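A.B. asks: Residue numbers (our numbering), protein chains in the order written: chain Y, 1 to 283; chain R, 284 to 596.
Yeah, the Cβ is synthetic: ideal placement off N, Cα and C, and Gly gets one too.
No experiment lies behind these values; they were computed from the predicted model shown.
One structure coming up, written as structure tokens, with questions to follow.
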Amino acid sequence: MQPRGVAGRQFADQAMRVVMIPAALSGIAILAWILWEVMSRGAAALNWSFFTELPSPPGVEGGGLSNAILGTLLMTLLATAIGAPLGLLAGVFLAEFGPKSRIATAVRFTSNLLMGTPSIIIGVFVYALIVLRTGHFSGWAGAVALAILILPVVLRTTEDMLNLVPDELRESGLALGAPRWRVTLWIIFRAAKTGLVTGVLLAVARVSGETAPLLFTALNSFYWPETLSEPTANLTVTIFNYAMSPYADWQQKAWGASFLITIGVLVVAVLARFSLQRRAAKT
Amino acid sequence: MRPAAQRAAGRRADVSFRLLTAFCAVLVIVVMGAIFLELVDNSLLSIRTFGFGFLTSDAWNPGASEFGALSSIYGTLVSTGIAMLIAVPLGLVIAIFLVEVAHPTVSRLVGGAVELLAAIPSIIYGMWGLFVFAGVMQNHVQPALGDTLGFLPLFQGPPMGIGMLTAGIVLAIMVLPFVTAVTRDVLLMVPPVLKESAHGVGSTMWESVRNVSLRYGRRGIIGAVFLGFGRALGETMAVTFVIGNSHRISASLFAAGNTIASSLANEFNEASEPLYLSSLVQLALVLFAITLVFQSVAHVWVGRLQQMETGQR
């Protein structure tokens, strides 16, 4: 590096400071811009029938997306019911039973890879695994695809949260003669409760806005989801289909659905952050 | 129950509990293996028909049953490349601002906003990209670029709003929070003593960042960039909305293109021919392989880094 005068060095410093502020502001500005468009255009599309009626045929105005709202809720709940317990138990294995074992290392590495696998690949996988074998698209297949996305996220946070529980708690539980499973489920889980719930919430937030894994599994439907063994309506695929359609009314409905999804995801994400911060404040 | 019998029952329950958790843990590996096997199994037809030529052919003609992955691979790499070119410098600068310059309150607010940006689903970026941002690109950004840099083949052609460049920029906005968050964590890990010594010998803020913090965190930041790249490669919905979905390789960034993920999203449900479907699954296999390689390299790299650091202490 060539020696430079004080003036030149200070100029470089000031220049960087000047560049930084608009850069940081641009992050906020883009967030505000996106939220503003979604909120203003979305709110205009919402009315009572949006929540209560079934979709209208192409080109016909009116109708609603009640079936898609219910379908998204059902599949997200089901996916959580499948993925979260599996992830919790797998996390218990990593944190409590031989965290340094070779299996644990392999599982940890694989779950990182699974977390980074594009969600559309999970969609193709579940299509091949379930849709091709059963011969039809189904809400079950959609829920399984979402559950596969939930699994590694919950596994990861569970391990981290259980590692924060002090060993003295485990030892005192075991010293009282309680078997290991009881100590884990009744003592360690209770101590780590907030963290575990946060982990599940984060996973739900991530999954509830997913579109790609549902495209080839749950597909979409204009009808009420009476059973999950047929194509099941959902908000995200509806957004995709409606946005690409030439009908202004459908495009507006897509904004309404975007509004609902964004609000839902942000509320869950903020809840999760809030409970994490409260936990951090307590300890 | 007598104490001995109770203990034995407890032990049996313990063994089954342990096995249950081990089963769930191993399930992750089983799923990963099954993904690979299913993708290979369902692309066999296409692999047998086209061989290695699939990867080097840019033909994509469902009517004539000709399929090649080149235009999709090209589009995936180019759109991700544009995204990283924008997101990495911007993310670095924002992270430096958050850690070194900003007032703690400002830092918390901006940091929170960036994290919220990460929580917004891909499809919302797609909606915004198609209905809002594409218009801005068409009416302002692309004409301006064409006027100033139009002598480059990259910026020639009619401004359509959607296309490779728009997809790259929307992707950049999506990767930005990730790059910023990881870089911020790396910068926060730099020992304060090092920074204080830099300031002690008279360094300005920028000199201390450039010569101490960035140098100290260099490897971690490179790992973060790799992970961000791996994520952007497979982003589907946002890209599908704005890239235009054309299987032609074009020198201009204004032209429509496609990525592997966007082709899957658009064409998978329309593919009625077995060979068409099989080719699409093989595209998925290619994407899976590319992301696996990127992620593995990044994780091994970051893992070695952590080992080195704990070794030093």
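In three-state terms, what does DSSP make of residue 596 of chain R?
C.D. replies: For residue 596 of chain R, the predicted model reports a pLDDT of 40, less than 50, meaning its position is unreliable and no value from the coordinates is stated.
A.B. asks: Ignoring anything shorter than 4 residues, give me the alpha helix (DSSP H) runs that lie fully in the segment 495-556 of chain R, in order along the chain.
C.D. replies: You should have 497-517, 520-525 and 543-550.
A.B. asks: Would you say residue 190 of chain Y lies against chain R (beta-carbon separation less than 9 Å)?
C.D. replies: Chain R contact via Cβ: absent.
A.B. asks: For my contact list, residue 526 of chain R and residue 358 of chain R are in at a C-beta cut-off of 8 Å; report their separation, rounded to the angstrom.
C.D. replies: With 8 Å as the limit, residue 526 of chain R and residue 358 of chain R qualify as a contact, their Cβ atoms being about 7 Å apart.
A.B. asks: Pick out the complete alpha helix (DSSP H) segments inside the segment 350-425 of chain R, 4 residues or longer, and give them in chain order.
C.D. replies: List check, alpha helix (DSSP H) in window: 353-379, 387-402 and 405-411.
A.B. asks: Going by Cα to Cα distance, which pick from R:449, R:391 and R:337 is closest to residue 415 of chain R?
C.D. replies: Of the candidates R:449, R:391 and R:337, the one whose C-alpha sits nearest the C-alpha of residue 415 of chain R is R:449.
A.B. asks: In whole angstroms, what is the alpha-carbon distance linking residue 531 of chain R and residue 354 of chain R?
C.D. replies: Taking the straight line joining both Cα atoms gives about 6 Å.
A.B. asks: Report the start-end ranges of each beta strand (DSSP E) in the segment 117-144 of chain Y that is 3 residues or longer and not cut off at the edges.
C.D. replies: Segments of the beta strand (DSSP E) lying fully in the segment 117-144 of chain Y: there are none.
A.B. asks: Taking a Cβ distance cut-off of 8 Å, strictly less, list which residues of the segment 223-239 of chain Y are near chain R, in chain order.
C.D. replies: Of all residues in the segment 223-239 of chain Y, 236 and 239 have a Cβ within less than 8 Å of some Cβ in chain R.
A.B. asks: Which residue spans inside the segment 159-226 of chain Y form an unbroken alpha helix (DSSP H) run of at least 4?
C.D. replies: Runs of the alpha helix (DSSP H) inside the segment 159-226 of chain Y: 167-175, 193-208 and 212-215.
A.B. asks: Counting only C-beta atoms, is residue 299 of chain Y closer than 9 Å to chain R at any point?
C.D. replies: The requested residue 299 of chain Y is not part of the displayed model; chain Y covers only 1 to 283.
A.B. asks: Going along the segment 515-530 of chain R in order, which residues come within less than 9 Å of chain Y, judged by CB to CB distance?
C.D. replies: So the list reads 516, 517, 518, 519, 520, 523 and 524, given in the order they occur along the chain.
A.B. asks: Establish whether the CB of residue 578 of chain R and some CB of chain Y are separated by less than 9 Å.
C.D. replies: Yes - at least one Cβ of chain Y is within 9 Å of the one on residue 578 of chain R.
A.B. asks: Which whole runs of the alpha helix (DSSP H) in the segment 454-491 of chain R are 4 residues long or more, in chain order?
C.D. replies: Qualifying alpha helix (DSSP H) stretches, in chain order: 475-483 and 488-491.
A.B. asks: Around the C-beta of residue 597 of chain R, are 16 or more other C-beta atoms found within 10 angstroms, so that it is buried, or is it exposed?
C.D. replies: Absent from the structure is residue 597 of chain R, since the part of chain R shown begins at 284 and ends at 596.
A.B. asks: Which one of R:574, R:561 and R:577 has the shortest CA to CA distance from residue 334 of chain R?
C.D. replies: If we check each option's Cα against that of residue 334 of chain R, R:561 comes out closest.
A.B. asks: Quick one: Cα of residue 214 of chain Y to Cα of residue 142 of chain Y, how far?
C.D. replies: Answer to the nearest angstrom: the Cα atoms are 5 Å apart.
A.B. asks: For a test of the three-state rule: what should DSSP assign to residue 87 of chain Y, helix, strand or coil?
C.D. replies: Residue 87 of chain Y: helix per DSSP, three-state reduction.
A.B. asks: Hey, residue 219 of chain Y and residue 260 of chain Y are a contact pair by Cβ (cut 8 Å); roughly how many whole angstroms apart?
C.D. replies: Residue 219 of chain Y to residue 260 of chain Y, Cβ: 20 Å. No contact.
A.B. asks: Would you give the residue range spanned by the alpha helix (DSSP H) that residue 31 of chain Y belongs to?
C.D. replies: From DSSP, the alpha helix (DSSP H) with residue 31 of chain Y extends over 6-45.
A.B. asks: Is the CB of residue 591 of chain R under 9 Å away from at least one CB in chain Y?
C.D. replies: For residue 591 of chain R, the answer is no, since every Cβ of chain Y falls outside 9 Å of its Cβ.
A.B. asks: Give, in chain order, every unbroken run of the alpha helix (DSSP H) that is at least 4 residues long and sits entirely within the segment 286-339 of chain R.
C.D. replies: Qualifying alpha helix (DSSP H) stretches, in chain order: 286-333 and 336-339.
A.B. asks: At least one CB of chain R closer than 9 Å to the CB of residue 163 of chain Y: is that the case?
C.D. replies: No, no contact with chain R.
A.B. asks: With a threshold of 16 other CB atoms inside 10 Å of the CB of residue 223 of chain Y, please say whether the residue is buried or exposed.
C.D. replies: Residue 223 of chain Y comes out exposed.
A.B. asks: Based on the DSSP output, what are the partners of residue 55 of chain Y in its beta bridges?
C.D. replies: Answer is Y:63.
A.B. asks: Is the separation between the beta-carbon of residue 534 of chain R and that of residue 462 of chain R shorter than 9 Å?
C.D. replies: Taking 9 Å as the Cβ cut-off, residue 534 of chain R and residue 462 of chain R do not qualify as a contacting pair.
A.B. asks: Measuring only the C-alpha atoms, how far is residue 86 of chain Y from residue 580 of chain R?
C.D. replies: So the alpha carbons of these two residues sit roughly 27 Å apart.
A.B. asks: Compare the C-beta of residue 410 of chain R against all C-beta atoms of chain Y and say whether one is closer than 9 Å.
C.D. replies: It does: the Cβ of residue 410 of chain R has a partner Cβ on chain Y nearer than 9 Å.
A.B. asks: Below 9 Å on C-beta distance, what does residue 582 of chain R contact in chain Y?
C.D. replies: Correct list: 109, 112, 113 and 116.
A.B. asks: Closer than 8 Å, Cβ to any Cβ of chain Y: which residues of the segment 313-346 of chain R, in chain order?
C.D. replies: Those would be 314, 315, 317, 318, 321, 322, 324 and 325, in chain order.
A.B. asks: So, at 6 Å on beta carbons, what are the nonlocal neighbours of residue 254 of chain Y in its own chain, with the 5 sequence-adjacent residues on each side left out?
C.D. replies: Here the set comprises 239, 242 and 243.
A.B. asks: Of the residues that make up the segment 395-406 of chain R, which ones have a beta carbon closer than 9 Å to any beta carbon in chain Y?
C.D. replies: Hits within the stretch, in order: 395, 396, 397, 398, 399, 400, 401, 402, 403, 404, 405 and 406.
A.B. asks: Over the uninterrupted alpha helix (DSSP H) stretch that includes residue 285 of chain Y, give me the two end residues.
C.D. replies: Only positions 1 to 283 of chain Y appear in this structure, which leaves residue 285 of chain Y out of reach.
A.B. asks: Closest to residue 323 of chain R by C-alpha separation, out of Y:273, Y:159 and Y:129, would be which residue?
C.D. replies: It is Y:129 whose Cα lies nearest to the Cα of residue 323 of chain R.
A.B. asks: Taking just the CA atoms, how far does residue 183 of chain Y sit from residue 230 of chain Y?
C.D. replies: Near 42 Å, if we compare the C-alpha coordinates of residue 183 of chain Y and residue 230 of chain Y.
A.B. asks: Can you give me, in chain order, the residues of the segment 42-55 of chain Y that have a beta carbon less than 9 Å from any beta carbon in chain R?
C.D. replies: Correct list: empty, as no residue qualifies.
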